[in-house]
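Heads up: the sequence shown begins at 1 in the numbering used here, then just goes up one per residue. Worksheet for the structure shown next.
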Amino acid sequence: MKLGNRFRLFARDERGVTALEYGILAAIVAVIIGGTVYTNLGTAFASVFGKIQSAITAVGA
1 MKLGNRFRLF ARDERGVTAL EYGILAAIVA VIIGGTVYTN LGTAFASVFG KIQSAITAVG
61 A
């Protein structure tokens, strides 16, 4: 089989496209979940450290 024919067959082959689409979709979902978790944890940590700072300030005053 000639190289040109092999290239045409490779270009028409769509078996790997579906896997790539699922990979991109999984990456997008992971970014969304990661952002949500980071935002929620950031708010929780800010609250905890705020309470600690208030307690330290109250003891020092």
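Where a beta carbon is used, it is the ideal one built from N, C-alpha and C, also for glycine.
Asked, Found
"Taking DSSP as the reference, what is the three-state secondary structure of K76?", "For the chain, the structure presents residues 1 to 61; residue 76 sits outside this window and is missing."
"For R15 and F49, I'd like the C-alpha separation in whole angstroms.", "51 Å"
"Does DSSP classify N21 as helix, strand or coil?", "Reading off the sequence shown, one finds Glu at residue 21, where the question assumed Asn. In the structure shown, E21 sits in a helix (DSSP, three-state: H, G or I)."
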